Structures are given as structure tokens and as C-alpha cells.
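K.L.:
Have a look at this one.
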Amino acid sequence: MSDPVFNLINSEKTRQQEGLELIPSENYVSKAVLEAAGSVLTNKYSEGYPSFDGIGKDGEFWDEARVAEEQLKNFRYYGGQENIDRIERLAISRACRLFHADHANVQPHSGANANEAVYWAWCKPGDKILAMNLSAGGHLTHGSPVTRSAHIYHFLAYGVDASGDIDYTALEKIALAEKPKIILVGYSAFMKIPDFARIAKLKDKLPDTLFMADMAHVAGLIAGGVHPNPLDFGFHVMTTTTHKTLRGPRGGMILSKGNVASPLKKPEHTLENIPILIDRSVFPGTQGGPLEHIIAAKAVAFGEALKPEFKTYAKNIVKNAKALADALKQEGFVLEGDGTENHLVLVNVKQSFGIDGKFFEKALDCVGLNLNANAVPSDKGAAFRPSGVRLGTPAITTRGLGVAEMKVIAHWMKRVINICVGIGEEARLDLGEAEFAEIRKEVKNLALKFPVPGI
Ligand SMILES: Cc1ncc(COP(=O)(O)O)c(C=O)c1O
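Take the sequence shown: its letter number 139 is residue 163 in my numbering, and every next letter is one higher.
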């Protein structure tokens with residue numbers, strides 16, 4: 025193909041193969057997921073939903089062989105849906121099975137859309153939402169003033185304590201005093217396992233509050249059985265992205281407990297009806313036509329996550345993350361929370377070596393190790409020059425790297441730090457060119473021993 029876009033795609037393939045992806049929110053999908061995402065389903069309009077009849081009823085889950093024709097009557101605005109309906113029903117049914125949910129909306133285009141749709145399903149403008157502070161590890165969509173949601177709703181924040189765990193006492197105090205419409209547990213840079221049971225206890229005192237978990241980062245760990253599932257502890261809703269530890273295509277999803285029915289009729293505004301309220305909030309509330317090629321790729325990824333091998337994968341993500349954290353500590357890096365219980369490590373580079381996170385991120389790019397600069401809880405205000413870097417093991421574990429390689433990576437990172445200290449500032453990165461090139465060669469040699477799937 026002569027379009028230069030394809031040359032760039034090929035360059036990106038090489039970059040992915042020759043480097044190591046340490047960004048904790050990235051992964052490498054299988055060839056099957058790639059094929060579904062790149063399929064002719066992108067040609068189809070299918071606003072609306074398939075029929076939900078028979079999905080997840082009485083603990084039974086619909087699968088291709090079992091679907092009755094009458095269950096395929098749909099709530100769509102376009103014809104020609106016989107294949108699309110089956111695919112979307114498969115995605116929904118597999119998602120419900122993976123996460124013990126009564127309902128799944130697999131249409132959100134991204135994690136941000138999923139969160140906004142839940143807020144819109146349950147809250148009115150001005151309503152209060154209690155979520156984790158951005159600097160403590162929360163996500164932008166949890167109330168950052170730069171987002172649309174923050175202009176619509178009144179966000180309140182809780183943070184983390186000195187150990188890096190959620191400040192549960194503060195959370196409970198704010199929740200009981202303010203009675204928010206939503207309590208949201210979720211994060212992009214938090215290394216502990218939340219105490220969902222403790223938070224869900226607040227339900228007795230807050231009967232009108234929606235308990236929501238944004239498990240975008242750890243959904244794959246939940247699916248793999250190495251992380252608790254908030255829906256098992258009384259949470260009403262769980263949102264997630266599908267492309268991080270869950271290893272599916274780029275997208276979002278909303279899982280919920282409650283009544284499942286046609287979204288055509290406006291239901292009563294109750295917590296029991298939250299699945300229907302969410303469907304109406306996704307479409308037509310906040311999105312148009314669903315991306316059915318991506319929904320097909322989600323279905324394929326959920327099928328993969330239901331297999332026993334995925335449990336081993338999830339276990340190895342955590343094992344590698346713990347090994348990486350230990351090795352980094354041995355190299356003199358100071359870690360927020362002193363380590364990790366999940367897939368993610370947050371290094372306080374400033375405190376460790378006097379270098380800021382952005383400088384270190386750029387230097388690591390020079391050797392083919394990709395991660396991202398990130399605020400640490402003690403950083404205040406806008407984090408253009410945050411003190412930390414965030415890294416994780418979902419992608420490198422997919423490639424098959426293990427504990428031995430985690431030590432090698434930690435050592436490369438220390439060598440890069442030494443170069444940075446010598447150079448003194450990001451503007452002089454070119455002074456380290458020769459030394460970076462040496463490490464880059466070593467990174468490439470190791471990376472090529474662990475091929476990227478699907479390429
Ligand atoms: C906790 C959390 N929620 C939501 C999102 C948003 O996902 P997306 O980038 O798909 O909109 C992210 C992405 O990093 C996230 O970490």
C-alpha cells in the first residue's frame with residue numbers, strides 16, 4: 025500500500041518489537057483481537073442494543089449455540105443486525121460471566137466515556153460525587169477541573185495516608201457528612217488492594233448512594249482471579265477500560281448489578297434499575313453508533329480472559345510487578361507505598377535521585393524503555409514536572425518476560441539515572457547519546473527474544 029500511513033504503522037511495529045513497554049495501562053493484544061478490530065464490522069451502523077433475553081438468566085450464559093431466534097429481536101435503529109446482534113450478545117454474556125455482573129454495556133468508546141455515562145445515569149447537574157484525588161492516584165475523569173464532568177457535578181475528594189493506602193477514615197467522614205450521590209473507588213496510580221467490603225458497609229447509612237468502582241487498571245487481575253471484584257462486595261457498578269490488564273481492544277465497558285430490561289421504556293430512577301439507566305445514558309444519552317468491530321474484539325478478548333491460561337497470566341503480572349519493585353528498591357529507587365500489590369509501581373524519582381519524572385521518562389525513551397512521568401501524592405498543583413514515574417508489567421508479561429528480566433530492567437533504569445545525573449538537565453540529553461545507544465542495544469537484544477504477539 026502506497027499511503028505513507030502504512031510506512032508509519034510499520035515503523036510503529038518495529039518500535040514495539042525493539043523496545044519494552046512499561047506503561048502500566050498498555051498491553052499487546054492477540055492476533056485474533058487485532059483481526060476482529062480490523063474487520064468489516066467497521067462498515068455497520070447499529071445504534072441501539074440487541075435483545076438481552078436469556079443473557080445471564082439464572083446463572084446461565086448465552087452462547088452461540090444456544091441462542092433462540094426469538095431472542096434476536098432487537099432495539100436497533102437500523103436493519104441488517106443479525107450478525108451484529110449475535111456478536112454484541114456474546115460480548116455482553118462473556119463480560120457478565122467474567123465479572124459476576126447482571127448486565128454489561130460494552131458500547132463505551134473509552135474508559136472516560138464509561139465513567140461519564142454512569143455519572144449521567146445516576147446524577148443531576150450539581151450532585152455530589154466523592155472520588156479519589158488526582159494527585160493521590162485518581163483519574164482525570166474523577167473530578168479534575170479540566171474535565172466536562174467537573175463543570176456538571178460537584179466533586180469531593182479523598183486521598184491516601186502515609187502508607188499509600190486509601191484514607192478510609194476521611195472517606196467515611198466525608199461520605200456521611202456530604203451524602204454524595206456516587207462514591208467512586210478507582211485509580212490510575214495506586215498500588216494497594218482496596219477494602220471494598222469496608223466501603224460497601226456505608227450502604228446501610230447511604231441508601232441513595234451509588235457505589236461505583238473504576239477498575240480500568242486492574243480489570244484483568246480481577247478477571248484472572250488475583251484481585252477482589254467490587255461487584256462481589258455489594259458495589260452497584262464497575263467501569264473499566266478493555267485495553268489495559270484485560271488485554272482487549274482500546275475501549276470501555278460498564279458492568280452492573282440489578283434489573284435488566286429493554287432500554288426503550290424509561291424506568292423508575294432506582295438503584296435496582298441502574299443497568300437500564302446506564303444503557304439509556306450510553307445511548308442515546310452520551311454516545312451515538314457503537315463501534316461493533318471493537319465490540320467484536322472485546323468479545324474475543326473476553327473469551328481469551330475466560331480461559332485458564334489467563335489466570336496464569338494475571339498471576340505472573342503481579343509476580344513480575346513485585347519482583348520489579350524489589351529490584352528497583354535494591355537499585356536505590358524510592359517507591360510510593362514501598363512496593364506494590366498489583367501490576368503497578370510508582371517511583372519517586374525526585375526523592376530518589378533529585379531528577380524529575382519527565383526528564384527520566386525522556387531519557388528512558390532514548391534506550392527503548394517506555395513509561396510515563398506521573399505525579400506522586402506529595403506533588404501539589406499541575407503536574408507538568410511531576411516527581412515520579414509510573415511503570416507496570418502487563419505488557420512485558422504478555423511477551424513472556426519473567427522475574428530474571430525484571431532485575432535486568434531495574435539495572436538499566438539505574439544506569440540511565442546515572443547518565444541523567446551526569447548530564448544534569450533534560451535539555452542536554454544529546455550529551456548522553458553514546459551511553460544511551462549502548463543500553464538501547466542491550467534492550468533491543470532482549471526485546472527481540474520475546475516477540476510481540478499478533479505482529
Ligand atoms: C482509572 C481510569 N479510568 C478511566 C480511564 C480512561 O480511559 P480512556 O483513556 O480509555 O478514556 C483511565 C485511563 O487511563 C484510567 O486509568
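Backbone N, C-alpha and C define an ideal beta-carbon position, used for all residues, glycine too. Bear in mind the structure is a predicted one, so any value in this text is a computation, not a measurement.
(1) Using only the alpha-carbon positions, how far apart do E328 and E450 sit?
(2) Can you tell me whether T64 is buried or exposed? The criterion is at least 16 other CB atoms within 10 Å of its CB, across all chains shown.
(3) How many whole angstroms separate the CB atoms of M239 and P254, which I take to be in contact at a CB cut-off of 8 Å?
(4) Taking the alpha-carbon of T336 as reference, which of G248, Y211, V170 and F30 has the nearest alpha-carbon?
(5) State buried or exposed for I479, treating a residue as buried only when at least 16 other CB atoms are found within 10 Å of its CB.
(6) Please look up how many angstroms separate the CB atoms of H166 and G210, rounded, as I've assumed it's under 8 Å.
(7) Going by beta-carbon coordinates alone, are A434 and E365 separated by less than 8 Å?
(8) Taking just the CA atoms, how far does H317 sit from L472?
(9) Which residue comes first and which comes last in the alpha helix (DSSP H) that contains V57?
(10) Could you tell me which uninterrupted beta strand (DSSP E) segments, each at least 3 residues in length, are contained entirely in the region 124–181, listed from first to last along the chain?
(11) Less than 8 Å separating the beta-carbons of Y192 and I153?
(12) Any beta-carbon of chain B closer than 8 Å to the one on I108?
(13) Give the straight-line distance between the Cα atoms of F357 and F377, rounded to the nearest whole angstrom.
(14) Considering only C-alpha positions, which residue in the set I447, W436 and E459 is nearest to L46?
(15) Any heavy atom of ligand 1 closer than 7 Å to the beta-carbon of D185?
(16) Could you check whether the region 294–302 touches the region 139–153, counting it as contact only if at least three pairs of C-beta atoms, one from each stretch, sit closer than 8 Å?
(17) I'd like the list of long-range same chain contacts for D403, defined as Cβ closer than 6 Å, with 5 residues on each side in sequence excluded.
(18) Taking just the CA atoms, how far does P273 sit from E42?
(19) Does the pairing of the region 340–352 with the region 281–293 give three or more beta-carbon distances under 8 Å?
(20) For L58, which residues in the same chain have their Cβ closer than 6 Å to its Cβ, ignoring the five residues on either side in sequence?
(21) For ligand 1, is there any heavy atom lying closer than 7 Å to the beta carbon of T265?
(22) Would you say the beta carbon of S411 is closer than 7 Å to some non-hydrogen atom of ligand 3?
(23) List the endpoints of the continuous alpha helix (DSSP H) containing T460.
(24) Given this structure, state the Cα-to-Cα distance separating P162 from S212, to the nearest angstrom.
(25) Among L368, I441 and N283, which one has its Cα closest to the Cα of E385?
(26) Mark E140 as exposed unless 16 or more other C-beta atoms lie within 10 angstroms of its C-beta, in which case mark it buried.
P.N.:
This is what the structure gives:
(1) 42 Å
(2) The question names Thr, yet the displayed sequence has Val at residue 64. Of the residues assessed, V64 falls on the exposed side of the cut-off, its CB having fewer than 16 other CB atoms within 10 angstroms.
(3) The Cβ separation is near 7 Å, so the contact holds.
(4) G248
(5) exposed
(6) 7 Å
(7) No, they are not a contact pair.
(8) 30 Å
(9) Segment K55 to A61, the alpha helix (DSSP H) holding V57.
(10) 127–129 and 152–156
(11) no
(12) No chain B appears in the structure shown, which is made up of a single protein chain.
(13) 8 Å
(14) W436
(15) no
(16) Yes: the two stretches touch, three or more of their Cβ pairs being nearer than 8 Å.
(17) S159, P410 and S411
(18) 22 Å
(19) no
(20) G478
(21) yes
(22) Among the ligands in the structure shown, ligand 3 does not appear; only ligand 1 can be found there.
(23) The residue asked about is misnamed: residue 460 is Phe in this sequence, not Thr. Counting along the chain, the alpha helix (DSSP H) containing F460 begins and ends at E457 to L472.
(24) Per the sequence shown, the amino acid found at residue 162 is Gly instead of Pro. Answer to the nearest angstrom: the Cα atoms are 6 Å apart.
(25) Considering only alpha carbons, the answer is I441.
(26) buried
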